[in-house]
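K.L.:
Line by line, the protein sequences give chains U and S.
This note's numbering applies: residue 2 is where the first sequence begins, and numbers increase by one.
This note's numbering applies: residue 347 is where the second sequence begins, and numbers increase by one.
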Amino acid sequence: MKTAIIDLTYLLSAVLFIFGLKRMQSPVTARTGNALASLGMLVAVVATLFLYEILSWPLMIAGVVLGGAIGVALARTVEMTAMPELVAIFNGFGGLASTLVAGAELAQYVGGGRLVDPEGFGIVSALTISLSILIGTVTFSGSVVANGKLSGWVTGTPISFPGLRVLTGLLLLGAGGALGTMLAAAPGFPAVPGAMIWAAVGLGGAAFLLGILLVIPIGGADMPVVVSLLNSYSGLAAAATGFVLDNTALIVSGTLVGAAGMILTVLMCDAMNRSLANVMLGGFGGGDGGGGGLDVPEGKSVNETSPDDTAILARYADSVIIVPGYGLAVAQAQHEVREMADRLEAQGVTVKYAIHPVAGRMPGHMNVLLAEANVDYEKLYELEEINSEFKSTDLAIVVGANDVVNPAARTDEGSPIYGMPILNVDEAETVVVIKRSLSPGYSGVPNELFYADNTKMLFSDAKEAVAGITESVKKMEEA
Amino acid sequence: MLDNLIIFVLAAFLGTEILSRVPQTLHTPLMSGANAISGITVVGALVAAGMTQGPWSTWLGFGALVVATINVVGGFLVTDRMLKMFGRKQAPPSQVDASSAAQRTDGTAS
Numbered sequence: 002m003k004t005a006i007i008d009l010t011y012l013l014s015a016v017l018f019i020f021g022l023k024r025m026q027s028p029v030t031a032r033t034g035n036a037l038a039s040l041g042m043l044v045a046v047v048a049t050l051f052l053y054e055i056l057s058w059p060l061m062i063a064g065v066v067l068g069g070a071i072g073v074a075l076a077r078t079v080e081m082t083a084m085p086e087l088v089a090i091f092n093g094f095g096g097l098a099s100t101l102v103a104g105a106e107l108a109q110y111v112g113g114g115r116l117v118d119p120e121g122f123g124i125v126s127a128l129t130i131s132l133s134i135l136i137g138t139v140t141f142s143g144s145v146v147a148n149g150k151l152s153g154w155v156t157g158t159p160i161s162f163p164g165l166r167v168l169t170g171l172l173l174l175g176a177g178g179a180l181g182t183m184l185a186a187a188p189g190f191p192a193v194p195g196a197m198i199w200a201a202v203g204l205g206g207a208a209f210l211l212g213i214l215l216v217i218p219i220g221g222a223d224m225p226v227v228v229s230l231l232n233s234y235s236g237l238a239a240a241a242t243g244f245v246l247d248n249t250a251l252i253v254s255g256t257l258v259g260a261a262g263m264i265l266t267v268l269m270c271d272a273m274n275r276s277l278a279n280v281m282l283g284g285f286g287g288g289d290g291g292g293g294g295l296d297v298p299e300g301k302s303v304n305e306t307s308p309d310d311t312a313i314l315a316r317y318a319d320s321v322i323i324v325p326g327y328g329l330a331v332a333q334a335q336h337e338v339r340e341m342a343d344r345l346e347a348q349g350v351t352v353k354y355a356i357h358p359v360a361g362r363m364p365g366h367m368n369v370l371l372a373e374a375n376v377d378y379e380k381l382y383e384l385e386e387i388n389s390e391f392k393s394t395d396l397a398i399v400v401g402a403n404d405v406v407n408p409a410a411r412t413d414e415g416s417p418i419y420g421m422p423i424l425n426v427d428e429a430e431t432v433v434v435i436k437r438s439l440s441p442g443y444s445g446v447p448n449e450l451f452y453a454d455n456t457k458m459l460f461s462d463a464k465e466a467v468a469g470i471t472e473s474v475k476k477m478e479e480a
Numbered sequence: 347m348l349d350n351l352i353i354f355v356l357a358a359f360l361g362t363e364i365l366s367r368v369p370q371t372l373h374t375p376l377m378s379g380a381n382a383i384s385g386i387t388v389v390g391a392l393v394a395a396g397m398t399q400g401p402w403s404t405w406l407g408f409g410a411l412v413v414a415t416i417n418v419v420g421g422f423l424v425t426d427r428m429l430k431m432f433g434r435k436q437a438p439p440s441q442v443d444a445s446s447a448a449q450r451t452d453g454t455a456s
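1. Do U:G243 and U:L251 have their C-beta atoms within less than 8 Å of each other?
2. Name the one or two DSSP bridge partners that U:V432 has.
3. Measuring only the C-alpha atoms, how far is U:W199 from U:A186?
4. Using a C-beta to C-beta distance shorter than 7 Å, which residues of chain U count as neighbours of S:L348?
5. Relative to chain S, which residues along the region 244 to 264 of chain U have a C-beta separation below 9 Å, given in chain order?
6. Taking the CB atoms as reference points, tell me whether S:I364 and U:I19 lie closer together than 8 Å.
7. Does the CB of U:R339 have a neighbour CB from chain S at under 8 Å?
8. Pull up the distance between the alpha-carbon of U:S440 and that of U:V280, whole angstroms please.
9. With H, G and I counted as helix, E and B as strand and the rest as coil, what does DSSP make of U:T156?
10. At a cut of 8 Å, does the region 446 to 456 of chain U reach the region 203 to 221 of chain U through at least three beta carbon pairs?
11. For a minimum of 3 consecutive residues, which ranges assigned as the beta strand (DSSP E) are wholly contained in the region 360 to 395 of chain U?
12. Going by DSSP, what residue range makes up the beta strand (DSSP E) through S:A410?
13. Expressed to the nearest angstrom, what Euclidean distance is found between the alpha-carbon atoms of U:L168 and U:G206?
14. Taking the continuous beta strand (DSSP E) assigned at S:I352, which residues delimit it?
15. Let me see if you follow: with CB-CB separation under 8 Å, is U:I356 close to chain S or not?
16. Sorted by chain position, which residues of the same chain lie with C-beta nearer than 6 Å to U:V297's C-beta, five sequence neighbours on each side aside?
17. Can you tell me whether U:I130 is buried or exposed, with buried defined as 16 or more other CB within 10 angstroms of its CB?
18. Quick check on U:I90: does DSSP put it in helix, strand or coil?
19. What does the alpha-carbon distance come out to for the pair U:I313 and U:Y327?
20. Tell me the residue span of the beta strand (DSSP E) that contains U:S320.
21. Quick one: grab the DSSP three-state call for U:A192.
22. U:V324 and U:I398 - do their beta-carbons sit closer together than 8 Å?
23. Confirm, please, whether the CB-CB distance from U:A89 to U:L135 is below 8 Å.
24. Check the C-beta distance from U:N368 over to U:L381 and give it rounded, since I have them as a contact under 8 Å.
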């Protein structure tokens, strides 16, 4: 009877998760969706606390209070520009939790600590526990490295060394061996615990290194793919733990999360016209293009412009499309961009935003930043929605974006980014590119857009440049 | 085990069906929200740490409980913080052209 009640409550929370996620299909309903999902979580936790026979209440409460306090602190203090870092580290926590639960499950059998079904260890248990350790640990160490790359304590440049692939292969073999040993040791466990325990520890170690090696060769701007993929793994890790504990709530929710991450991974890869394998093998491009000068290649010329001139262009335009990129996040220029748009709209200019799927460091990164600056989401347009409009647009302002507006993706078959869907800003009557230098984008490909006849370069920090344009528009009003 | 596998496969299809219709605008909150849901491992941690007497399993379970709770609490809160910003709307719907409005409201009938 009691197990039936537990199963039914878990079913209820799974249903709440599904409804919650479904409401993510529109910004209008999304917030209540999130509330429904958190209610689902509360139901699952309360049911577990009261329906299972929890022995160590003080410890449980201490754990929830400690974790809750850290969670609240992280969620409250994070800057919207740092959201990719936070999501990356949360992915890692999910993975770590799965590994620890699998480890705790294994430890229960040793030394007679297990109170429920102490004889029930079989080959299936060994398999599910080993998978939970493997996926959980890869997610954990991979996410920590991803967090490092996003927040800068690991270089954003792809790290590679001779023998990286060989080492990865050896570690995979090692992990496979450890997994096999755990399966082989299952019949003798827990009477003879040694082989099982050491194989589990070895598996964890190999998985830890694998996670690191998986992420270090990937460049900074491929991070949207990596974060999505690790998101998917964290879900799969929870599902694997569900198999370990024979718990439906974990399997359903973990799988939903796995699917969410996988969908985003595929979308991100499509938006770059690259396969997942290509991204994961890495080595593509350099860092964030911080270096690079203002050297104009031979036979090309650059039209330079100023905030004042751009303000005149924008003020007398009928329509302006703003194209934000990672540079906007780095400069934290979202509020300035919104102010500029407000000023222009007050002058009767139609302002729209064109968001490329891989602009920024995680899926939807630009949308969150602009939402923070109170830009109405109805003004944010996806690539397919807006690409036909550039032709009839007077002015496109590119704020810190590069590869996603590089016409070489359309025209130059030899280019590494050829075939990637881009925003056709070059079709606008005038393009103003706000950028610090002429340095190529992260892909390392020079951008022909900078030398086009209808392009004007505004060499400046995004925040200063946009604030300058706003100031100038304001002065024109007053004059 | 077989039952679990069936549930896994069905949930994967369901998840793909629901989540592929989430608009690009909400991809970041979708991720952080999904992230919080993957903190459901907290349930596993409670079972593992709360129903045992062995020190190893208790402390491993306790560690799992702490990190999973960070994931759940932090994930849901930060998602709410983001979605609150998306909820602020000033422009009346008439300002949006018909085609994109139709696309954006698609699937909200739930």
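Even glycine gets a Cβ: it sits at the ideal position worked out from N, Cα and C.
Remember, it's a predicted structure, so these values are computed and weren't measured experimentally.
P.N.:
This is what the structure holds:
1. Position 242 of the first sequence, counted from the first residue, corresponds to residue 243 of chain U. Position 250 of the first sequence, counted from the first residue, corresponds to residue 251 of chain U. A contact, by the Cβ cut-off of 8 Å.
2. Indexing the first sequence from 1 puts residue 432 of chain U at position 431. Per DSSP, U:A397, U:T456.
3. Within the first sequence, residue 199 of chain U is the residue found at index 198, counting from 1. Within the first sequence, residue 186 of chain U is the residue found at index 185, counting from 1. One C-alpha to the other measures close to 11 Å.
4. Residue numbering aside, residue 348 of chain S sits at position 2 when the second sequence is read from its first letter. In chain order: nothing, as chain U lies at least about 10 Å away.
5. For the region 244 to 264 of chain U, which is checked against every Cβ of chain S, the residues closer than 9 Å are F244, V245, L246, D247, N248, T249, A250, L251, I252, V253, S254, G255, T256, L257, V258, G259, A260, A261, G262, M263, I264.
6. Position 18 of the second sequence, counted from the first residue, corresponds to residue 364 of chain S. Position 18 of the first sequence, counted from the first residue, corresponds to residue 19 of chain U. Contact flag set, yes.
7. Sequence index remark: in the first sequence, residue 339 of chain U carries index 338 (1-based). No, because no Cβ of chain S sits closer than 8 Å to the Cβ of U:R339.
8. Indexing the first sequence from 1 puts residue 440 of chain U at position 439. Indexing the first sequence from 1 puts residue 280 of chain U at position 279. For U:S440 and U:V280, the distance between alpha carbons rounds to 22 Å.
9. Here residue 156 of chain U refers to the residue found at position 155 when the first sequence is read from its first residue. Coil.
10. Contact fails: fewer than three Cβ-Cβ distances are below 8 Å.
11. Here the runs fully enclosed are 381 to 383.
12. Along the second sequence, one-based indexing puts residue 410 of chain S at 64. Careful: S:A410 lies outside any beta strand (DSSP E), inside the alpha helix (DSSP H) at 401 to 433.
13. The count along the first sequence starts at 1 and reaches residue 168 of chain U at position 167. The count along the first sequence starts at 1 and reaches residue 206 of chain U at position 205. Using only the alpha carbons, I get a separation of about 14 Å.
14. The sequence position of residue 352 of chain S within the second sequence is 6, counting from 1. For S:I352, no beta strand (DSSP E) encloses it; the enclosing alpha helix (DSSP H) starts and ends at 348 to 365.
15. Counting from one through the first sequence, the residue named residue 356 of chain U turns up at place 355. Taking Cβ atoms only, chain S reaches closer than 8 Å to U:I356, which makes this a yes.
16. Looking up residue 297 of chain U in the first sequence gives position 296. So the qualifying residues of the chain are V303.
17. Residue mapping note: residue 130 of chain U aligns to position 129 of the first sequence, counting from 1. Flag for U:I130 reads buried.
18. In the first sequence, residue 90 of chain U corresponds to position 89, counting from 1. When DSSP states are grouped into helix, strand and coil, U:I90 belongs to the helix group.
19. The residue labelled residue 313 of chain U in the question sits at position 312 within the first sequence. The residue labelled residue 327 of chain U in the question sits at position 326 within the first sequence. Distance between the alpha carbons of U:I313 and U:Y327 is about 26 Å.
20. In the first sequence, residue 320 of chain U corresponds to position 319, counting from 1. Run containing U:S320: 320 to 325, per the beta strand (DSSP E) assignment.
21. Within the first sequence, the letter at position 191 stands for residue 192 of chain U. Reduced to three states, the DSSP call for U:A192 is coil.
22. For the purposes of this step, residue 398 of chain U is taken as the residue at position 397 of the first sequence. For the purposes of this step, residue 324 of chain U is taken as the residue at position 323 of the first sequence. The answer is yes: Cβ separation under 8 Å.
23. Mapped onto the first sequence, residue 135 of chain U falls at position 134. Mapped onto the first sequence, residue 89 of chain U falls at position 88. Not in contact: U:L135 and U:A89 (Cβ atoms no closer than 8 Å).
24. Position 367 of the first sequence holds residue 368 of chain U. Position 380 of the first sequence holds residue 381 of chain U. Between U:N368 and U:L381, the beta carbon gap of about 6 Å places them in contact (Cβ cut-off 8 Å).
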